[in-house]
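Input: a single structure, listed below in structure tokens.
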């Protein structure tokens, strides 16, 4: 990703534009965001600005890691404003045209617009705690051997929508949001 927020890192975007980036992972299942990649334990606060016309496994923003654990802490994204638009997910994961949210992550949407994004699964937003088998039948971890209640304590993934607008996103499954 053009911008990566590492463990314990915090990125606050108050204005500006992250646009027209392409991250090509080929056939790798590596997680990437075309605009911003928030690694496990990092925080991204979007107050204003635009993230648009990017392409990667998560078109606009990738939050968290597949198989995240408590060693890295919670991954957070807070959207207080701004626009996430016209991004496309690609590659074998191809989920979350606007935002891709993985285990151990929290996403709070207070305001802003998520529109005109494309993802095979989750055109606007893709959310998954990866419990049981992973994504598209790929087993990323042995989660099936851990009781769900125990797994979710560490890897719970949440989205709270208090405001904002999610519209005109395109997907085969979950045009606006796929959970």
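In the working numbering, the protein residues as written are -14 to 164. No residue lacks a Cβ here, since even glycine has one placed at the ideal position from N, Cα and C.
| query | result |
| --- | --- |
| Look at the alpha carbon of residue 48 and the alpha carbon of residue 106, and state the distance between them as a whole number of angstroms. | 16 Å |
| Would you mind working out which of 32, 42, 158 and 72 sits nearest residue -3, comparing C-alpha positions? | 32 |
| At 3 residues or longer, what runs of the beta strand (DSSP E) sit wholly inside the region 1 to 61? | 2 to 4, 21 to 23, 28 to 31, 35 to 37 and 46 to 48 |
| Keeping to the same chain, check which residues put their C-beta closer than 8 Å to that of residue -14; ignore five residues upstream and five downstream. | 6, 8, 17, 18, 19, 20, 21, 22, 41 and 47 |
| Considering only their Cβ atoms, is the gap separating residue 100 from residue 78 smaller than 9 Å? | no |
| From the DSSP output, in three-state form, read off residue 137 for me. | helix |
| Please report the straight-line C-alpha distance between residue 147 and residue 64, rounded to a whole angstrom. | 10 Å |
| Taking just the CA atoms, how far does residue 36 sit from residue 103? | 14 Å |
| Mind reading off the beta-carbon distance from residue 43 to residue 74? Whole number of angstroms is fine, and I expect it under 8 Å. | 6 Å |
| Please classify residue 39 as buried or exposed, where buried requires at least 16 neighbouring CB atoms within 10 angstroms. | buried |
| Within a Cβ cutoff of 6 Å, which residues of the same chain sit near residue 94, ignoring the five residues on either side of it in sequence? | 64, 146 and 149 |
| Between 97, 80 and 76, which has its C-alpha nearest residue 62's C-alpha? | 97 |
| Within 10 angstroms of its Cβ, does residue -5 collect 16 or more other Cβ (buried), or is it exposed? | exposed |
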